[in-house]
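Trainee: Just so we're aligned: the sequence shown equals residues 1456 to 2014 in the working numbering.
The structure follows.
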Amino acid sequence: MTLLMYRLLPLLLILSALAPSVWGQTKTHAEQLLTDYQQARAGLAAEPVKCGFPALAALHAERTKNPDWQPQLQAAFARPSLPQTYVTPDGRFKIHYTTTGFDAVNPASTNAAGVPDFIYEAGRAAQRAYALLVEELGMRPHANDNGSDGPEFDFYVLDLGNLYGETILEFSSGSGPSYIRIDNDYGSNFYTRGLEGLRVTVAHEYFHAVQLNYFFRDVDIFFFELSATWFEDVAYDDINDYYQYLRTWFRNPDLPLNSTTNFHQYGSCIWLHYLAKKLDPALVRLIWDQIEDKPAVFAMQGVLDSGIYPITFAQAIQEFSSWNYFTRYRADADLFYEEGEAYPVVAIAATQKTSSDTTIASSLEPLAAHYYQFVRQGRSMQIYLHVDADPGRWAVTAISGSPSAGYDVMKDQGLAAVNLPALLREDTVTVAITNVGAPPSANQSPSYDYQLQIKYGVQQDLPSVLENPRPNPFRIGEGAVLVFPYRLAERERVHATIYREDGKVVREFNLGSRGAGFHSDLTWNGTDGSGERVSSGVYFMRLRAGDLLETTKVVVIAH
């Protein structure tokens, strides 16, 4: 047994005993989570583990569930004791370390403070993280730890095996203080080594400390990790440690955005790269503001559906899926991801080369996508999506073209038919099917069935009509959405207005250009233009699309 394994033995025994029950997950997932953590702390993991926070958060939940384990769990979460310290010039951070023994850092020093360069750079990274998160982005700082080991926020430098770092909670529920453990050298068993590994880890873990001053709930682990990984790249754009997680992420676009399977949450940082470039980095702070009141999935939905930004949550999820196609040789740093050329190519579920009509049946969880490719021989093409229920949670995107000739992207939500005119040559059309709806609850992710139908050389004439809204009456609540289905005979620009009985306008929607077919992308969550919930009463929705001008009535019930 190595010295490190001996030191960790009490913690490893606890992890093994608790594995089947932690975090409300299946036994298999919990065991994998804790096994990865055990192996990383012992330096035996096949791949370095980004962060110990998910495993420690799982153990944190056991503090209240298993009173008999309190002494052992308390020991596992106890602060280390190290003989030397360095306080950063701003007085905010204290780095605890040693230059002797198992946890020793390299004592080499070339800085004016006279401390090991590794420690000095850790302090600089902490100050940079604070400046970017708190002073620029406007996030709250870390919570006060009531003077534990001094008034500063504490980092402890230890040999963590091949675990980058971990943030330890020091409160029972809600929000509160924490401290951080980081590795002492980031040696050859890490993807990103030395000072670069140190810098991104300090940024990542310090964002966890900031997050914990908002609200902690276990179903939000995915967002804790994806946003901390996103912030690494904001703080150190040239290091790109997150690249190591993208290969698996792009191989599995059918995993939900909120999945934590196979470290999916780290690759999901590209969701915030998309939102920050498309909209505004400040959106990240707005999401964390809402996490105090609701799970992260619904906080993201709430911010994007508030009317502050020009697209809804569903539209953003659909566009995110199309951005994920434009990587590697298809990348365009101006239009899509800044670093997209370095990202892998997204997995294609199936490729068909035929001019015969075809139907593909499959299923998808919320916030996930399938990609199909169809090679056609100079014929027009019509794409249909058939579902049994809830058409508003589906989106279809058709992408044609090539890197040399350029790309055309056609997208519709709901059950709209996407029509592609015939070309004089063979070409490939990529169809992305995206489940753009939020899950029914933060800890549920059921699969929804669909049928993708491809017809060649056929285009049906469809009359334009506004159908009845659903549900009606509409009861406002978390995640509740009122859908106004409509059908277009041809592509038109769509504008809608919601107003009260007295004629006062409550909300306006400019959906842009929509193709021929059935649509259910016109949705309302019961808020006005400022994001405030409307009162109970009768409301009207007027739809204008080309020659179509129709009005429908809905009864709203506010809680």
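Glycine included, C-beta positions come from ideal geometry on N, C-alpha and C.
Out of N1923, N1601, A1944 and R1654, which has the shortest C-alpha to C-alpha gap to G1631?
Mentor: When only C-alpha atoms are compared, the closest one is N1601.
Trainee: For Q1666, collect the residues of the same chain with a Cβ closer than 6 Å to its Cβ; drop the 5 residues on either side in sequence, then sort them by chain order.
Mentor: If we look at Q1666 and ignore the five residues flanking it on each side, its Cβ neighbours are F1679.
Trainee: Using a Cβ distance threshold of 8 Å, determine whether the segment 1719-1730 contacts the segment 1545-1556, with at least three qualifying pairs required.
Mentor: Counting Cβ pairs under 8 Å, fewer than three are found: no touch.
Trainee: Quick check on L1514: does DSSP put it in helix, strand or coil?
Mentor: It is helical.
Trainee: Is T1782 buried or exposed, if buried means 16 or more other CB atoms sit within 10 Å of its CB?
Mentor: Buried: at least 16 other Cβ atoms inside 10 Å.
Trainee: Give me the Cα-Cα distance between A1816 and S1536, rounded to the nearest whole angstrom.
Mentor: So the alpha carbons of these two residues sit roughly 58 Å apart.
Trainee: So which of L1943, A1510 and L1588 has the shortest CA-CA distance to L1998?
Mentor: Here the closest residue by C-alpha is L1943.
Trainee: With a threshold of 16 other CB atoms inside 10 Å of the CB of S1776, please say whether the residue is buried or exposed.
Mentor: So S1776 ends up on the buried side.
Trainee: So the alpha helix (DSSP H) V1801 belongs to, where does it begin and stop?
Mentor: Note, V1801: premise wrong, no alpha helix (DSSP H); not H, not E.
Trainee: Can you check whether the CB of L1613 is closer than 7 Å to the CB of D1572?
Mentor: Contact: no.
Trainee: Taking the CB atoms as reference points, tell me whether P1750 and L1822 lie closer together than 7 Å.
Mentor: No; because the gap between Cβ atoms is not below 7 Å, this pair is not in contact.
Trainee: Are there 16 or more other CB atoms within 10 angstroms of the CB of A1786, so buried, or fewer, so exposed?
Mentor: Per the 10 Å Cβ criterion, buried.
Trainee: Can you tell which of E1956, I1931, V1886 and D1863 has the C-alpha that lies nearest to the C-alpha of A1804?
Mentor: For the residues E1956, I1931, V1886 and D1863, the minimum Cα distance to A1804 belongs to V1886.
Trainee: Y1691 and V1657: beta carbons closer than 7 Å?
Mentor: Not a contact, by the Cβ cut-off of 7 Å.
Trainee: Would DSSP call V2011 helix, strand or coil?
Mentor: Strand at V2011.
Trainee: Straight-line CA distance for Y1698 to G1912?
Mentor: Those two C-alpha atoms are separated by around 42 Å.
Trainee: Quick one: what does DSSP say R1654 is sitting in, helix, strand or coil?
Mentor: Note: R1654 maps to helix in three-state DSSP.
Trainee: If we require 4 or more residues per run, which alpha helix (DSSP H) segments fall completely within the segment 1757-1803?
Mentor: Listed in chain order, they are 1768-1778.
Trainee: Just to confirm, is the Cβ distance from V1873 to D1867 under 7 Å?
Mentor: Taking 7 Å as the Cβ cut-off, V1873 and D1867 qualify as a contacting pair.
Trainee: Extract the residue ranges of the alpha helix (DSSP H) inside the segment 1598-1624, only unbroken runs of 4 or more that lie entirely within it.
Mentor: Here no run is fully enclosed.
Trainee: Report yes or no: do the segment 1759-1771 and the segment 1669-1687 share at least 3 C-beta pairs separated by less than 8 Å?
Mentor: Cβ pair count under 8 Å is below three, so no.
Trainee: Would you mind giving the Cβ-Cβ distance between S1991 and A2013, rounded to the nearest angstrom? I have them listed as a contact below 8 Å.
Mentor: So it is a contact: roughly 5 Å between Cβ atoms.
Trainee: May I ask you to report which of helix, strand or coil DSSP gives T1883?
Mentor: If DSSP states are grouped into helix, strand and coil, T1883 belongs with the strands.
Trainee: With three or more C-beta pairs closer than 8 Å as the rule, is the segment 1928-1936 touching the segment 1823-1841?
Mentor: Because the criterion of three Cβ pairs below 8 Å is not met, the segment 1823-1841 and the segment 1928-1936 do not touch.
Trainee: So what does DSSP say about T1715, is it helix, strand or coil?
Mentor: T1715: coil per DSSP, three-state reduction.
Trainee: Using only CA atoms, which one of E1590, P1544, V1560 and R1595 lies nearest to R1579?
Mentor: Selected option, being the one with the closest Cα: P1544.
Trainee: Should V1938 go down as buried or exposed, given a rule of 16 or more other Cβ atoms within 10 Å for buried?
Mentor: Buried is the call here.
Trainee: Near Q1828, which residues of its chain fall below 8 Å by C-beta distance, leaving aside the five closest residues on each side in sequence?
Mentor: Answer for Q1828: I1803, A1805, T1806, Q1807, T1883, V1884, T1885 and V1886, listed in chain order.
Trainee: Taking the alpha helix (DSSP H) that A1577 belongs to, which residues open and close that run?
Mentor: Where A1577 is concerned, the enclosing alpha helix (DSSP H) stretches over D1572 to Y1585.
Trainee: Quick one: complete beta strand (DSSP E) runs, 3+ long, within the segment 1818-1854?
Mentor: If we require 3 residues or more, the beta strand (DSSP E) runs fully inside the segment 1818-1854 come out as 1823-1832 and 1836-1841.
Trainee: For L1998, which three-state DSSP category applies?
Mentor: Three-state DSSP puts L1998 in a strand.
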